[in-house]
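A.B. asks:
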Amino acid sequence: MTQSNRIGRAQVDFTKTLKFSFDGKSYAGHPGDTLASALLANGVRLMGRSFKYHRPRGPLSAGSEEPNALVELRSGARQEPNTRATTAELFDGLFAKSQNRLGSLKFDLLSINDRFANFLTAGFYYKTFMWPAAFWEKLYEPIIRKAAGLGSLSLKDDPDVYDKGFLHCDLLIIGAGPAGLSAALTAGRAGADVILADEDFRMGGRLNSETFAIGDASGADWAATAVAELASLPNVRLMKRTTVIGAFDHGIYGAVERVSDHMHTPDAGKPRQVLWRIYTKHTVLAAGAIERPIAFENNDRPGIMLASALRTYANRFAVAADRRVAIFTNNDDGHRTAADLHARGVKIAAVVDVRPNAPSSMDYEVLHGQVVDTKGRLGLTFAEVKLADGSMRTLDCGALGLSGGWNPNVHLTCHQRGRPTWNADLAAFVPGADLPAGMTVAGAAQGDLSTAGALSGGAKAARQALGLKGRMATLSEAEDAPVNITPFWYVEGCSRAWLDQQNDVTVKDVKLSHQEGFRSVEHLKRYTTLGMATDQGKTSNMGGLAIMAELAGKTIPEVGTTIFRPPYTPTAIGVFAGRHREQEFHPKRLTPSHKWAEEQGAVFVEVGNWLRAQWFPLPGETTWRASVDREVLATRKSVGVCDVTTLGKVDVQGTDAAAFLNKIYCNGFAKLAVGKTRYGLMLREDGIAMDDGTAARLAEDHFVVTTTTANALPVYRHMEFVRQCLCPDMDVQLISTTEAWAQYAVAGPNSRKLLEKIVDQDISNDAFPFMACTNITICGGLRARLFRISFSGELAYEIAVPTAYGDALMRKIIEVGAEFDVTPYGTEALGVMRIEKGHAAGNELNGTTTAQNLGMGRMISKLKDSIGKTLSQREGLNADGDLRQVGIKPVDPGDPVPAGAHLMNADGPIDAAHDQGYVTSACYSPNLGHAIALGFLKNGSERLGERMQLVSPLTKVHVDVEITSAHFIDPEGERLRA
Amino acid sequence: MIIDHPLLGPRDSAEFTYMGDARLIDRPDPDAGTAAQDFYEYGYLRDNPAGWHDELWFHEAGDRSWLVITRNTLTHEISKVQLARDVARSRGRSK
Amino acid sequence: MRYSGFKVIKEALTGHKGWTPAWRDPAPQAHYDIVIIGGGGHGLATAYYLAKQYQQKRIAVLEKGWIGGGNVGRNTTIIRSNYLLDGNEPFYEFSLKLWEGLEQDFNYNAMISQRGILNLIHSDAQRDAFIRRGNAMILNGADAEMLTTEQIKARYPFLNTDDARFPIKGGLAQHRGGTVRHDAVAWGYARGADGHGVDIIQNCEVTGFRIENGKCLGVETSKGFIGAGKVGCAVAGSSSRLMSKADMRLPMESHVLQAFVSEGLKPVLPGVVTFGAGHFYCSQSDKGGLVFGGDLDGYNSYAQRGNLPVVEDVCEGGMAIFPAFGRARLLRMWGGIMDMSMDGSPIIDRTHIDGLYFNGGWCYGGFKATPASGFCFAHLLATDAPHPTATAYRFDRFEKGLMIDEKGMGNQPNLH
Amino acid sequence: MHDLMPITALGGTEARIDAFDHVTITENDGLALASVAARIGHEKPCHATLKKLLGAVPGPGKAILHDPEAGFWMGPDQWMIGAPRATHELLADQLTTLFGETASVTEQSGAWVCFDVTGPAMQDLCERLCAVPIRRMVAGDAQRTMIHQLGCFVIRRQDADHIRILGPRASAGSLHHALITAAHSTA
């Protein structure tokens, strides 16, 4: 098909031709076209189907407020549903499909819904589909879901990348129309840091769509010149294709720059879109205004659009929506459209004006009356006009322009719950008083609808925002037509007259909503779905409000308006995520021995953001259990080594360091000798166990505190809270050293022998007994720290060196440990050994357990105050029969004792009411040859030896178990002290 | 939101971690006869005003200062930002 | 008027002239036996069950704005009973059972859709915790099933199981969980309550309580004094503001929780999916929008709007498990005021003031609780004794150390 | 002398360099670091020693680019001191001696990965990484902020085209990845 509807020249580049396809048919367009303008140029008016009735639909607008012309853009993994043809920039090879249809766009089988419109009125579904109950999920809902929705996702992973960025400026200007450009020139020339953002791919706003001049240049040329000057200013950042989506607190704005959407595919390494977080002191909102339609019977046919859109297609894109055009208006602006189209040789069937005092014209017929109905199955063919004298006229036209007046784009002024106010002269809502801090509004967005008004308003706003003094530069002469409008919302007696064209909300639905008592604006919106379509009611809300006001006998401001919420236009979920998706969702933390562990073929596990070696499989080991059992046995038999760097470490120094630890730990630290380490239990102020670890006293005024891996951050935060907020005068300084030191546990009967080959000093049992700690050197001079602490229950040490040397130390340990068959072990073996030893860990310290539950009640020192002490004494936390940590083993050694299973009395009923406790941690003990577990049991300490049922209905486990001490191995702790 | 850090100037609130009512600075005397009741109220009861609220924020991704911020919970407007350590001292906290 | 398929057809053929208002718009009377403050889901449900279940008379619901305008109209519509603790699970299971018969009960289609909820598991420790939870659910008579990664992949083939930062190691499913058309819940209860004679009074703000020697005699409102035998407060995020008028300080903070909906899309998500390693959960509405959310913004707020960092955080979680959602567009974001309690669990109890009763502290679990909350509050108001499934929701549990802390986060509301 | 060979934060035996037309990203493995925190009641002498060491006391958000020791402000009464590792392997010990009882000194050499970002597009790259107002920062400004969810220090070394980024060492790989992808997307 040729571009039969091209008329004259405009801002498209006819020297280049772009091929594209829509619903399998190929067409030609030009750079500067949108998909909609190019389709109209090719005589295509039908572009979509409505949501509910599947009525044929063409573009209503030429911008981002478009409710109708939504398509699936691109194909394969890049398929993008609900894309507005009116903003989709044309590129060579563009591929688009129509959506929300069953069959072809021309013969959509679901248009049958339109026949049943009487049944599918507002809220009909609340009143039926209830019988029989089961049928909702089984029958009704699946049908509804399938019919509902608009476009479809490819369900393939989005192949494009998204970026984020951060910008700072003195003045953010939103919208590059006459007001925005004028503001930018004023601020830019004054040397302020300015960002000018516009959602369009060509700056200039309405100036690109109008024919009138500014000074002696055309509006479009004036805009181009202004943009060129701004581009030359180093302090001005021009951001086209950038939509400011939200006004957030304290001058933070979200903006999405469409970097690559106008290309077939993004360049290598380049993002599709960037989410900018803009920090600004002041903002000028110059977002313009949106024309509104008029409601009358069958006002939704392809070819019926906003008059200003007709003008945009003609003046900017050199496209006539059709060769025969009629206009229906209640204000002078509609006549401007007729004049512009006439000038481009389009036949004006007539301008229908509701006003008795409508201006007349030499060039076309002006009728005083109303359009009352239209014809044309897939596109407008005739418009029925009722004249003021009651006679009827039929207009032969393929396009009908509606001009119901203009709504200022107050959207962003409402993002912080500001309420717009009513302006009777414009018959529209304008920005209210409660704007986001730092925001001024200018131009049409403020209700200043003339070009001259926009130019001066923009300049004034910029001067006001920046506090510029001196007299204002003189502005070029521009159109300054007064607004002359008679409010007119809908044609009397119409019923199937569309307000929300996408959601198929008609005047009839609003009336029904009122009839059924849904009379507040929010009820109206929610009951009829008016304004809840992808255009967020930009072209539909006002009509609904006006009708509701009339029905309720109120004024429109009395009825009020709904709140506009971010984003300004629908925004890809991908761009909000930026790079943080899939593997990059969170950063990774690698331990100092990671590289070495990889070489050993270790299997890694996520712990928080850390990757830790879970076990080290050897050739021939077919199951993880085989590896873990070997690691455990080898460690307990000779010696094993494990990277424990991930444990949080906090350096605590100062003359009050000991007093400080006394405050944060429930047990005492004041008397801990230098060179000694002590286990510490930290409570939250509510008396619940928060974390545990060790504190090593390296000097009178210097401790090293360790935390669990998971709690490193919250514990550090808590320590700073106590230091700064509770004990501000304590001489204590804190700093995290978690990553400064590579720390390895060396455990097993031969651990001392192994370390003696590395450390440069005597670590015999006498010289360096259990719980000793010291600064040492190793391998002939490298500074290191040695702690004699044990998680495994064996003779064990933890040795730390500066992180950079961690890799070398691990290799050294393996090298010198060869003669003892030193075995690297991972977190699984670590877990097995601590369960065998009965040490509590994350599964036990689950945020609800007390020191009492853990059997550590006596640790809470009575001699001093500590965080959590007082509230830990509440009766509910000290009741008889409370949970106590116990050991659990199966009666039949072959049985499992799964974590998460619940304990029930032997022969007792199995239900929640008789729940006795639960298993927190479980494993297979290669030393004992059967499964073992730790758990919490009511009155547990009194029930050792008792037989119970262990049930996990979820995983179909039901076994007999025996309650034992939590210390399965070496309960006296002889090995530790060996 | 933007928090005007008394030492560092305007910073994005995303760098901070929130804890809540600044009364958490006023930890009761554990030796008072009413300690049990005092700590219950301290730990659990809040004014939770709709309006101006003194609250604790921790500059987690910044200088690790705890701040007392006076913020309006209806509008999010911030009228005052102080170092919590100074506030604590001014309220008589010491060691 | 009773709604039925027949009625719909009849009206369709006769121009819908016969539809009457879903509820009356009465002027307040001078005195009621029971006044419920708060025309949200919980308040309206309370009135409905007071009238229908407990045959109470002369009941009014006072709403400062338009009914259903609070959290019942701004949540992510999920229902479930997958709780861990004894204090909670029986209550939420009771609620789920009430949901299952609700539409027939109040003759309104709230589109209750039990399409299932799935909690993804990413670590062994998480699996242990979910097994304990699943067992607690089953032991309390609820349904729960452990799904393997393969079973999950079969249902959600586009779920990122290959290149995930936090690999999916299975999931805990509750097939009876699902979603509900949230506004319809408020409207259904309102219409049902109205049908049983309850006065629903909108645009009537309570400005104070009239309390004389320890007894509450009624409420001062923007429409004058309204006397009451008993006053029940169910105002969610506004609880602290309201109860301060009775000189009460609550174990509660009000926080903003944002929620999000995408443009309409053809069906992709059959059920509700929650991402255990990030802050993201998602379902798809019957209209086709992806409805999703995540964490609180984290600071006290009554503003009913949030900020950008949480929006990004939530979408990052979404893209971590559903990279296919990247090209779906976020259509609208909004915020609700959550009455975050000190242990993450609610309060349904008498106050120390005679005749004044309280229902609140729902955190962001309020919607799913609506029927049981209304039922149990009605039970308390009618009988002065707690309903058997709500005995743990007492004011004094914090003083006594009997917290119901599902998350184990302690007395820090924004972490629950 | 010991025979333990250190590796770089990115796990190499030598520092990594990624050169693009518009920026160069260099892993700086040559830094010894230690934090210094003034003891309560000893602020004055501590400041005096800092002044002696650096020529001035870095105020909030500031760094002193002094040679061989440089330093920047970390928090109230707390600073990070850096020096070439070749000459200052035992920086923390040296500082402990220097400050005596007036300050708490903690070795930090192993805790950080350091990247030098240089080149004409340094500012564009920085804008994709973090919220610091890079175009308003001058040489000697030092801000702690979030990059790729990681708490990092961003130090402007030169007005023209050089920032130094200190990030948590365990996440060196993730941080490096973020820098490289930002470099590609600003190319």
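Chains as they are written, first to last, in the numbering used here: chain L, 178 to 1155; chain R, -9 to 85; chain F, 2 to 417; chain S, 269 to 455. Quick reminder that beta carbons are idealized off the backbone N, C-alpha and C, glycines included.
Quick one: Cα of I289 of chain L to Cα of A324 of chain L, how far?
C.D. replies: For I289 of chain L and A324 of chain L, the distance between alpha carbons rounds to 12 Å.
A.B. asks: Between A1056 of chain L and Q1050 of chain L, what straight-line distance do the alpha-carbon atoms span, to the nearest angstrom?
C.D. replies: Their backbone Cα atoms lie some 10 Å apart in a straight line.
A.B. asks: Compare the C-beta of H763 of chain L with all C-beta atoms of chain S and state if any pair is closer than 8 Å.
C.D. replies: For H763 of chain L, the answer is yes, since a Cβ of chain S falls inside 8 Å of its Cβ.
A.B. asks: I'd like the list of long-range same chain contacts for D998 of chain L, defined as Cβ closer than 7 Å, with 5 residues on each side in sequence excluded.
C.D. replies: Contacts found: A811 and S815.
A.B. asks: With 16 other CB atoms within 10 Å as the buried threshold, where does K637 of chain L fall?
C.D. replies: Classification for K637 of chain L: buried.
A.B. asks: Identify every residue that forms a DSSP beta bridge with C1174 of chain L.
C.D. replies: The question about residue 1174 of chain L has no answer, for chain L in this structure spans 178 to 1155.
A.B. asks: Compare the C-beta of M343 of chain F with all C-beta atoms of chain R and state if any pair is closer than 8 Å.
C.D. replies: It does; some Cβ of chain R falls within 8 Å.
A.B. asks: Under 6 Å Cβ to Cβ from G1045 of chain L, same chain only, skipping five residues before and after it: list those, please.
C.D. replies: Only L860, R861, E862 and G864 meet the Cβ criterion.
A.B. asks: Excluding the five sequence neighbours on either side, which residues of its own chain have a C-beta within less than 7 Å of the C-beta of S1038 of chain L, listed in chain order?
C.D. replies: Within the same chain, S1038 of chain L has close Cβ partners C843, N844 and G845.
A.B. asks: Would you mind sorting W24 of chain F into buried or exposed? The rule is 16 or more other CB atoms within 10 Å of its CB.
C.D. replies: Buried.
A.B. asks: With a 10 Å radius around its C-beta and 16 neighbouring C-beta atoms as the bar for buried, classify M178 of chain L as buried or exposed.
C.D. replies: Because the pLDDT of M178 of chain L is 49, which lies under 50, any placement of that residue in the model is unreliable, and the number read from its coordinates should be weighed accordingly. Flag for M178 of chain L reads exposed.
A.B. asks: What are the residues in the segment 411 to 431 of chain S lying within 7 Å of chain R by C-beta distance?
C.D. replies: The segment 411 to 431 of chain S vs chain R, Cβ under 7 Å: R412, T413, M414 and G419.
A.B. asks: Taking a contact to mean a Cβ-Cβ separation below 8 Å, would you say T292 of chain S touches G435 of chain S in this structure?
C.D. replies: No; because the gap between Cβ atoms is not below 8 Å, this pair is not in contact.
A.B. asks: Determine the chain L residues that contact L403 of chain F at a beta-carbon separation under 8 Å, and present them in chain order.
C.D. replies: Going along chain L in sequence order, the residues near L403 of chain F (Cβ under 8 Å) are G1053.
A.B. asks: Helix, strand or coil for G435 of chain S per DSSP?
C.D. replies: In the structure shown, G435 of chain S sits in a strand (DSSP, three-state: E or B).
A.B. asks: With a floor of 3 residues, list each beta strand (DSSP E) that falls wholly inside the segment 932 to 995 of chain L, ordered by position along the chain.
C.D. replies: Qualifying beta strand (DSSP E) stretches, in chain order: 950 to 955, 959 to 964 and 973 to 979.
A.B. asks: Please name the residues in the segment 344 to 366 of chain L whose beta-carbon is closer than 7 Å to at least one beta-carbon of chain S, in chain order.
C.D. replies: Within the segment 344 to 366 of chain L, the residues whose Cβ lies closer than 7 Å to some Cβ of chain S are L344 and H345, listed in chain order.
A.B. asks: Indicate whether at least one CB of chain S lies closer than 8 Å to the CB of D19 of chain R.
C.D. replies: By this cut-off, D19 of chain R is not an interface position.
A.B. asks: Mark T192 of chain L as exposed unless 16 or more other C-beta atoms lie within 10 angstroms of its C-beta, in which case mark it buried.
C.D. replies: Exposed is the call here.
A.B. asks: Give me, in chain order, the residues of the same chain whose beta-carbon lies closer than 7 Å to that of D393 of chain L; leave out the 5 immediate sequence neighbours on both sides.
C.D. replies: None.
A.B. asks: Is there contact between the segment 901 to 919 of chain L and the segment 830 to 840 of chain L, where contact requires at least three CB pairs shorter than 8 Å?
C.D. replies: Yes, the segment 901 to 919 of chain L is in contact with the segment 830 to 840 of chain L.
A.B. asks: With distance defined between alpha-carbon atoms, name the residue in L:A1083, L:N1116, L:V451 and L:S485 nearest to E395 of chain S.
C.D. replies: Considering only alpha carbons, the answer is L:V451.
A.B. asks: Using the rule of at least 16 other Cβ atoms within 10 Å of the residue's Cβ for burial, across every protein chain shown, is I481 of chain L buried or exposed?
C.D. replies: Counting Cβ neighbours within 10 Å, I481 of chain L comes out buried, since at least 16 surround it.
A.B. asks: Is it the case that the segment 226 to 233 of chain L contacts the segment 662 to 680 of chain L, given that we only count it when at least three CB pairs across the two stretches are under 8 Å?
C.D. replies: Enough Cβ pairs lie closer than 8 Å, so yes.
A.B. asks: Taking I349 of chain S as the reference, which of S:S303, S:P328 and S:P313 has the closest Cα?
C.D. replies: Of the candidates S:S303, S:P328 and S:P313, the one whose C-alpha sits nearest the C-alpha of I349 of chain S is S:S303.
A.B. asks: Pull out every residue of the segment 15 to 49 of chain R whose Cβ sits closer than 7 Å to any Cβ of chain F, in chain order.
C.D. replies: Cβ contacts with chain F come from Y30, G33, Y34, L35, R36, D37, N38, A40, H43 and E45.
A.B. asks: What whole-angstrom Cβ distance do L991 of chain L and F326 of chain F have, given they're in contact under 8 Å?
C.D. replies: Checking the sequence shown, residue 991 of chain L turns out to be Ile, not Leu. Between F326 of chain F and I991 of chain L the Cβ distance is about 46 Å, and since that is not below 8 Å, they are no contact.
A.B. asks: Report the option in L:D1042, L:G546, L:Q760 and L:N245 whose CA atom is closest to the CA atom of I322 of chain F.
C.D. replies: Selected option, being the one with the closest Cα: L:Q760.
A.B. asks: Between which two residues does the alpha helix (DSSP H) containing N204 of chain F stretch?
C.D. replies: Unbroken run through N204 of chain F: none, as it is neither H nor E.
A.B. asks: Helix, strand or coil for W666 of chain L per DSSP?
C.D. replies: DSSP places W666 of chain L in coil when its eight states are reduced to three.
A.B. asks: Go ahead and pull the three-state DSSP assignment for I1146 of chain L.
C.D. replies: If DSSP states are grouped into helix, strand and coil, I1146 of chain L belongs with coil.
A.B. asks: In terms of DSSP beta bridges, what is G336 of chain F paired with?
C.D. replies: Bridge partners of G336 of chain F: F:Q259.
A.B. asks: With DSSP collapsed to three states, give me the class of C364 of chain F.
C.D. replies: C364 of chain F falls in the strand class under three-state DSSP.
A.B. asks: Using a Cβ-Cβ distance under 8 Å, would H66 of chain R count as near chain L?
C.D. replies: Taking Cβ atoms only, chain L reaches closer than 8 Å to H66 of chain R, which makes this a yes.
A.B. asks: Would a C-beta distance cut-off of 8 Å place P1103 of chain L and V782 of chain L closer than the cut-off?
C.D. replies: No.
A.B. asks: Taking any Cβ of chain F, which residues in the segment 413 to 431 of chain L have a Cβ under 8 Å from it, in chain order?
C.D. replies: Answer set for the segment 413 to 431 of chain L: G423, F425, D426, I429 and G431.
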